[in-house]
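Per the numbering used here, residue 1 is the first one in the sequence shown, and the count goes up by one each step. Shown next, in structure tokens, is the structure this report addresses.
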Amino acid sequence: MVDTSGMVLPPLLAGLPVRGFFTTKALNGDLKAVARILALPVSHLYLPLQKHTDRVVVVDHDLEPGIADAVVTNRAGVLIGIQVADCVPLLLYDRKRQVVGAVHAGWRGTGAGILKGTVHAMGERFSSDPSDILVAVGPSIKGCCYEVGHEVVEAVRKASGEGEYYRKKGEKYYIDLPLANRLQALSLGIPPENIWVSDECTFCLPHKYYSYRFGKGTTGRQCGFIGIV
Numbered sequence: 001m002v003d004t005s006g007m008v009l010p011p012l013l014a015g016l017p018v019r020g021f022f023t024t025k026a027l028n029g030d031l032k033a034v035a036r037i038l039a040l041p042v043s044h045l046y047l048p049l050q051k052h053t054d055r056v057v058v059v060d061h062d063l064e065p066g067i068a069d070a071v072v073t074n075r076a077g078v079l080i081g082i083q084v085a086d087c088v089p090l091l092l093y094d095r096k097r098q099v100v101g102a103v104h105a106g107w108r109g110t111g112a113g114i115l116k117g118t119v120h121a122m123g124e125r126f127s128s129d130p131s132d133i134l135v136a137v138g139p140s141i142k143g144c145c146y147e148v149g150h151e152v153v154e155a156v157r158k159a160s161g162e163g164e165y166y167r168k169k170g171e172k173y174y175i176d177l178p179l180a181n182r183l184q185a186l187s188l189g190i191p192p193e194n195i196w197v198s199d200e201c202t203f204c205l206p207h208k209y210y211s212y213r214f215g216k217g218t219t220g221r222q223c224g225f226i227g228i229v
């Protein structure tokens, strides 16, 4: 029996031949603990070197971490993941081609369309069709708490189009990156029923999640992992 404490399991991925989950503070980014729970060698967990880029890396046989903020693979028995502490973690699964992806989308990545780039990479490398892709959007800071400058809104709007993911309150702007990424997914042709968005805000739940904003820059990290069983 897999111990799922410390994990958020997207219902969208339940019952499928894939392991996909987001960690909480209870498990954080402890790769040894994740590997132990899933009965996998630590060497079979892949995390890229994140730099808020729009780079997507495809993992084949080489598991040496490279600079990227999104990972794609069709290799079974390997869990690919990303680390976050307010930014949006996204897990992707192509049910037809058996391909998975993990995406780290902060405002820079969202503005650069990293989710779009990941879906395009899945199509180019593995012939994935957006209609076959499931997208799980994990816990992150929400529009209720994410105050940003106008330049952030403009960057995200260029990639996402208009929508209700941002609002202005007085002279302040608030943006909901999960909803912006959902809009980007829809624009690619991913059906709305193929998208699950967590309703949890990391800033609102500091007892459960690490939050860079809440911790004023001093914080740990949680992860999102996905892999073909």
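No residue lacks a Cβ here, since even glycine has one placed at the ideal position from N, Cα and C.
Practice task
Could you please give me the residues that DSSP links to M7 through a beta bridge?
Solution key: T23
Handout entry: Between the CA atoms of Y212 and V8 - distance to the nearest angstrom
Key = 19 Å
Practice task
Could you check the C-alpha separation between K116 and V103 for me, to the nearest Å?
Solution key: 10 Å
Practice task
Could you tell me if A39 is buried or exposed, where buried requires 16 or more neighbouring beta carbons within 10 angstroms of its beta carbon?
Solution key: exposed
Problem - According to DSSP, residues forming a beta bridge with A102 - result: V71 and L91
Handout entry: DSSP beta-bridge partners of R167
Key = Y174
Practice task
Please list, in chain order, all residues of the same chain as A105 whose beta carbon is under 7 Å from its beta carbon, the five residues on each side excluded.
Solution key: C87, V88, L90, I114, L115, L177 and N181
Problem - Classification of R55 by the beta-carbon crowding that lies within 10 angstroms, buried from 16 upward - result: buried
Problem - Spatial distance of T118 from E171 (CA atoms) - result: 34 Å
Problem - Buried/exposed call for L128, threshold 16 Cβ in 10 Å - result: The question names Leu, but residue 128 in the sequence shown is Ser. Buried.
Problem - Beta-bridge pairing of F225 - partner residues as DSSP gives them - result: F21 and G81
Practice task
Within 10 angstroms of the Cβ of A121, are there 16 or more other Cβ atoms? Answer buried if so, exposed if not.
Solution key: buried
Exercise for the section: Below 8 Å on the Cβ atoms is my guess for E147 versus Y166; work out the distance and round it to an integer in Å. Expected result: The pair is not a contact, with the Cβ atoms about 11 Å apart (cut-off 8 Å).
Exercise for the section: Flag this pair as yes or no: are the beta carbons of P48 and V18 separated by less than 8 Å? Expected result: no
Practice task
Less than 8 Å between the CB atoms is what I'm expecting for Y209 and R221, so what's the real figure, rounded?
Solution key: That pair is no contact at about 10 Å.
Handout entry: Neighbourhood of V99 by C-beta, 6 Å cutoff - its chain only, sequence neighbours within 5 removed
Key = N74, M122, F126 and S128
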